[in-house]
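*Asks:*
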Amino acid sequence: MAIVSGGNRRKPAKSRRAGEGPGRGGRPQKGAEGNLSAAVFFKSGTPGLARELSPLLKKAVLAAASGKKAGGVLNLVVVSDTEIKRLNKAFLSHAGATDVIAFNHARPAFSPPGETAPFGDIYICLPAARRQAAKMGHSLETELLILAVHGALHLSGMDDATAAQRLKMNKKTVRLLRELSYS
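If you use our numbering, the sequence shown corresponds to residues 1 to 183, in order.
(1) With H, G and I counted as helix, E and B as strand and the rest as coil, what does DSSP make of S66?
(2) Can you tell me whether N35 is helix, strand or coil according to DSSP?
(3) Mind listing, in chain order, the continuous beta strand (DSSP E) runs of no fewer than 3 residues lying wholly within the region 80 to 113?
(4) Should G21 go down as buried or exposed, given a rule of 16 or more other Cβ atoms within 10 Å for buried?
(5) Taking L56 as the reference, give the member of M158, R166, A38 with the closest Cα.
(6) Assuming G120 is part of the beta strand (DSSP E), what are its boundary residues?
(7) Could you check where the alpha helix (DSSP H) with K171 kicks off and where it finishes?
(8) Give me the Cα-Cα distance between K85 and G151, rounded to the nearest whole angstrom.
(9) My output table needs one value for S15: the three-state DSSP class, helix, strand or coil.
(10) Using DSSP with H/G/I as helix, E/B as strand and the rest coil, what is G48?
(11) Helix, strand or coil, according to DSSP, for G137 in the structure here?
(12) With a threshold of 8 Å, are at least 3 pairs of Cβ atoms found where one atom belongs to the region 74 to 91 and the other to the region 115 to 125?
Printed below as a string of structure tokens:
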């Protein structure tokens with residue numbers, strides 16, 4: 001698996017082998033084409049927050065990754081500062097917390113019958129999302145959706161290493177959130 005995104009929506013991608021799996025929580029939801037499904041796991045936060053936001057977060061990541069032809073399971077994992085710091089250090093060699101990290105899984109040559117291959121994992125730091133939401137003057141729900149879409153766009157092949165790429169990615173994020181009737 002390769003890391004395709006990491007940190008505050010500004011850091012360039014780095015590639016490394018990784019083996020992180022999801023935390024506790026959700027059932028996969030199929031995308032429009034049926035090839036891609038999503039599951040949301042809250043390792044940080046409250047059960048009420050998870051119940052309330054999981055369906056919308058699934059819908060958002062599936063919409064953002066819908067341009068990708070590959071199928072599989074896309075896991076969205078909401079974690080603590082401690083966990084995101086550990087992932088950031090282990091896989092990006094960066095110290096400190098970040099808001100989102102995305103891991104892109106390589107497609108296996110063979111999948112056993114009945115098993116769905118992984119597509120990718122997106123880790124979002126809940127405390128970082130809370131801080132950014134307060135700083136930007138919008139809700140935690142809005143920030144989590146922005147970060148989820150951002151991670152899924154990275155998994156779909158978009159990059160934000162330059163100002164032009166960042167602008168294109170931000171415009172696509174806004175468009176997707178509007179299409180989901182959320183803006």
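Virtual Cβ for every residue (Gly too), placed ideally from N, Cα, C.
*Replies:* Short version:
(1) Walking along the sequence shown from the start, residue 66 turns up at place 66. In the three-state reduction of the DSSP assignment, S66 falls in the coil class.
(2) Here residue 35 refers to the residue found at position 35 of the sequence shown. Here N35 sits in coil by DSSP.
(3) If we require 3 residues or more, the beta strand (DSSP E) runs fully inside the region 80 to 113 come out as 100 to 104.
(4) On the sequence shown, position 21 is the one that residue 21 refers to. Because G21 sits at a pLDDT of 38, beneath the cut-off of 50, its placement in the model cannot be relied upon, and the following sentence gives the value as read from the coordinates. By the neighbour-count rule (16 or more Cβ atoms within 10 Å), G21 is not buried but exposed.
(5) Position 56 of the sequence shown, counted from the first residue, corresponds to residue 56. The alpha carbon of L56 has as its nearest neighbour, out of M158, R166, A38, the alpha carbon of A38.
(6) Numbered from its first residue, the sequence shown carries residue 120 at position 120. Element bounds for G120: 118 to 125.
(7) Here residue 171 is taken as the residue at index 171 of the sequence shown, counted from 1. For K171, the enclosing alpha helix (DSSP H) has its first and last residue at 163 to 179.
(8) For the purposes of this step, residue 85 is taken as the residue at position 85 of the sequence shown. For the purposes of this step, residue 151 is taken as the residue at position 151 of the sequence shown. Each residue's alpha carbon lies about 17 Å from the other.
(9) Start at 1 with the first residue of the sequence shown, and residue 15 comes out as number 15. Summary for S15: the model assigns pLDDT 29, below 50, so the residue's position carries little reliability; its value from the coordinates is reported in the next sentence. Three-state result, S15: coil.
(10) Working through the sequence shown from its first residue, we reach residue 48 at position 48. Correct three-state label for G48: helix.
(11) To locate residue 137, count along the sequence shown from 1; it is residue 137. Judged by DSSP in its simplified three-state form, G137 adopts coil rather than helix or strand.
(12) Remark: three or more beta-carbon pairs, one from each stretch, lie closer than 8 Å, so the region 74 to 91 and the region 115 to 125 are flagged as touching.
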